[in-house]
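Some notes on the structure that comes next.
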Amino acid sequence: MIFNTFAYFLFFLIPVAILFQVASYRTRLWILILAASGFFVYFSLTGIGGAAGAVCLGLFVWESLFSRLYRPKSIFCWIGVLQSVLILIVFKYWNYLTGLIFSFRDGKNPLLWHNAFLPLGVSFFTFEFIHYAVDRYRGVAPEGTLEEYLAFIMFFPTMVAGPIKRYQDFLPKLRGARADATSWSCGITRILAGLVKKFGIADLMTAFTVHLNRADIGQASRPILLLWLLAYGIKIYFDFSGYSDIAIGSARLLGVKVPENFNWPYLRSNISEFWRNWHISLSRWLTDYVFIPLGGSRVRPLLIYSNLLVTMFVSGVWHGAGTNFAVWGLWHGIMLSVHRFWRTYRGTGRSSTSARMLATATTFIFVNLGWAFFCMDLSTAGFFFKRLLVA
Amino acid sequence: MFTLMQFKWLLDYLGGATEAPPPLAPRLLNSGIFLGMWWALMIVLITIFSGQTSKFIYIDF
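Chain order of the listed sequences is V and F.
The first sequence begins at 120 in this note's numbering and counts up one residue at a time.
The second sequence begins at 527 in this note's numbering and counts up one residue at a time.
Put into structure tokens, the structure is as follows:
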């Protein structure tokens, strides 16, 4: 919910956008911080996390205070990274990991957290925390003031599900934020387009995707199975790109341009291009904070493949606490490795239009087959492929 | 000739992702009247299809 509720527009976006026009820079920061606090508490109480989730607002306060210790080459930056990873592990993976450990014993999990909950946007805000700590360590992110950092991590249009921002890009935009007529016009168009994508396309696909369960898969023919999976591919694209449109449009009403997240990913002719244009802010985060620190492409070929697999495994696990997400990540890691091998073997010369069309279709098919691991648990996905390929 | 790239640009413009329409697009696209009609159409579509109450996939996953 959130972005498709009246509460978001009436209580948060419109009042803040109007106040933003008339306030001074320092006041704007506090408007953002207060609005984001209200936003976090309101949507925690009415949706995700409940009262316990609302208390997690304290995480932002702690992070902002702790971040004042960050200096280039400082150990505190690493402590900052560690605590962010810990927040993610505790809230998102505790029951999954402890369940995995104790499944090898009698199956009972004595460490099960019965009232486990997810703080709103935990997967996204922890990645921004990590980015700031690492980039302060590297000396590429400015310190800014406490209020500026709070406004960055609590920027409510992007707080819940991105796009994942960079402090060094965001801060100048925040300082120079000016919402003129073009900015408002583009912002409103973007928000409306996002809502059309969500309501008019993504939600309609639910009529098909609801069948992606074991009972229905057992009854369906191959073309129908493919149709349902294709519907999921369409749904997730329009759902998340619609969400990103609303987030980006909301930010534009405040006069701030945040990073783009999608650029026609399904029209790309290879998997590497796909990932450069699908969830762009996450892909860049993973490149900068996982792939490159592992050695990136400047290592032996075998290690490059391994780096790709590890990076996409992290991507998969980040998407959800389940083995199916890890397999989905590895699926993409394998595709990226195969593409890299192919590119090394064949070179990067120009190809004909028909070859590019074939490559685009092949990429689209394999990306869509991969969604099976994203939207179904591992055993159901296995059953899906068995029905699709064998019987 | 209105190429495929220009068509993509046009869709980006209609989605609010770019600030100006492609150079070869009709001038009408740049007018306030068109924008108002386009917003009205989108609001109609949103009203027709809203109420299906599904949450966004990427929230709380």
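Don't be surprised by glycine CBs; every beta carbon is placed ideally from N, CA and C.
Cutoff 8 Å: residue i Cβ touching any chain V Cβ
i, result
"Phe582 (chain F)", "yes"
"Ile593 (chain F)", "The displayed coordinates of chain F run from 527 to 587. Any statement about residue 593 (chain F) would go beyond what the structure contains."
"Gly542 (chain F)", "yes"
"Ser557 (chain F)", "no"
"Phe595 (chain F)", "In the structure as shown, chain F starts at 527 and stops at 587, and residue 595 (chain F) therefore has no counterpart that could be examined."
"Trp565 (chain F)", "yes"
"Phe575 (chain F)", "yes"
7 Å CB neighbourhood of residue i in its chain, flanking five on each side removed
i, result
"Leu164 (chain V)", "Ala170, Ala173"
"Phe410 (chain V)", "Asn426, Thr430"
"Trp213 (chain V)", "Trp232, Ala235"
"Ser186 (chain V)", "Gly199, Tyr251, Tyr268"
"Phe210 (chain V)", "Leu237, Pro238, Val241"
"Ala487 (chain V)", "The question names Ala, yet the displayed sequence has Asn at residue 487 (chain V). Cβ neighbours of Asn487 (chain V) beyond the five flanking positions: Leu348, Leu349, Gly352."
Expected contact under 8 Å - CB spacing of residue i and residue j to nearest Å
i, j, result
"Phe492 (chain V)", "Trp447 (chain V)", "4 Å"
"Leu178 (chain V)", "Pro261 (chain V)", "Not a contact, Cβ separation roughly 23 Å."
"Leu401 (chain V)", "Ile283 (chain V)", "6 Å"
"Thr482 (chain V)", "Arg395 (chain V)", "Between Arg395 (chain V) and Thr482 (chain V) the Cβ distance is about 12 Å, and since that is not below 8 Å, they are no contact."
"Phe253 (chain V)", "Tyr408 (chain V)", "Looking at the sequence provided, one finds Val at residue 253 (chain V) rather than Phe. With 8 Å as the limit, Val253 (chain V) and Tyr408 (chain V) qualify as a contact, their Cβ atoms being about 6 Å apart."
"Asn228 (chain V)", "Thr217 (chain V)", "5 Å"
"Leu176 (chain V)", "Phe159 (chain V)", "5 Å"
"Phe575 (chain F)", "Phe318 (chain V)", "4 Å"
"Asp496 (chain V)", "Gly441 (chain V)", "7 Å"
"Ile343 (chain V)", "Phe503 (chain V)", "Between Phe503 (chain V) and Ile343 (chain V) the Cβ distance is about 12 Å, and since that is not below 8 Å, they are no contact."
Chain F contact for residue i (CB, 8 Å cutoff)
i, result
"Ser434 (chain V)", "no"
"Ala312 (chain V)", "yes"
"Phe274 (chain V)", "no"
"Ser304 (chain V)", "yes"
"Gly208 (chain V)", "For the record, residue 208 (chain V) in the displayed sequence is Ile; it is not Gly. Taking Cβ atoms only, chain F never reaches closer than 8 Å to Ile208 (chain V), which makes this a no."
"Tyr362 (chain V)", "yes"
"Thr325 (chain V)", "yes"
"Phe359 (chain V)", "yes"
"Arg257 (chain V)", "no"
"Phe131 (chain V)", "no"
"Val141 (chain V)", "no"
"Gly218 (chain V)", "no"
"Ile355 (chain V)", "yes"
"Arg190 (chain V)", "no"
"Phe318 (chain V)", "yes"
"Ala136 (chain V)", "no"
"Asp335 (chain V)", "no"
"Asp299 (chain V)", "no"
"Phe158 (chain V)", "no"
"Ala280 (chain V)", "yes"
Exposure of residue i, with buried meaning 16 or more beta-carbon neighbours within 10 Å
i, result
"Leu314 (chain V)", "buried"
"Ala312 (chain V)", "buried"
"Leu372 (chain V)", "buried"
"Asn380 (chain V)", "buried"
"Gly306 (chain V)", "buried"
"Ala141 (chain V)", "It is worth fixing the name first, because residue 141 (chain V) is Val in this sequence and not Ala. Exposed is the call here."
"Asn389 (chain V)", "buried"
"Asn443 (chain V)", "buried"
"Phe393 (chain V)", "buried"
"Lys505 (chain V)", "exposed"
"Met476 (chain V)", "exposed"
"Arg255 (chain V)", "buried"
"Arg147 (chain V)", "buried"
"Phe122 (chain V)", "buried"
"Trp197 (chain V)", "exposed"
"Ser143 (chain V)", "exposed"
"Pro552 (chain F)", "exposed"
"Ile569 (chain F)", "exposed"
Neighbourhood of residue i by C-beta, 6 Å cutoff - its chain only, sequence neighbours within 5 removed
i, result
"Lys354 (chain V)", "Ala321, Met324, Thr328"
"Glu182 (chain V)", "Phe248"
"Trp535 (chain F)", "Pro548"
"Pro420 (chain V)", "none"
"Ser203 (chain V)", "Thr245, Phe248, Ile249"
Own chain partners of residue i with C-beta closer than 8 Å, once the 5 adjacent residues on each side are dropped
i, result
"Phe308 (chain V)", "First, the residue type needs correcting, since residue 308 (chain V) is Thr and not Phe in the sequence shown. Answer for Thr308 (chain V): Gly368, listed in chain order."
"Leu345 (chain V)", "Leu507"
"Phe243 (chain V)", "Thr277, Met278, Val279, Ala280, Gly281, Ile283"
"Trp564 (chain F)", "Leu540"
"Arg257 (chain V)", "Pro191"
"His399 (chain V)", "Looking at the sequence itself, residue 399 (chain V) is Ile, so the reference to His does not match. The answer, listed in chain order, is Pro282, Pro378, Glu379, Asn380, Phe381, Asn382."
"Gly263 (chain V)", "Phe271, Tyr286, Leu290"
"Ala478 (chain V)", "Ser388, Asn389, Ser470"
Residue i: CB within 7 Å of a non-hydrogen atom of the ligand ZN
i, result
"Ile390 (chain V)", "Within the structure as shown, the ligand ZN is missing, as the structure has no ligands at all."
Interface flag, residue i vs chain A, CB-CB below 8 Å
i, result
"Val446 (chain V)", "In the structure shown, chain A does not exist; the protein chains are V and F."
Members of the segment 366-392 of chain V that neighbour chain F once the beta carbon cut-off is set at 7 Å: Gly368, Trp383
Within 8 Å of chain F by C-beta, residues of the segment 452-477 of chain V in sequence order: none
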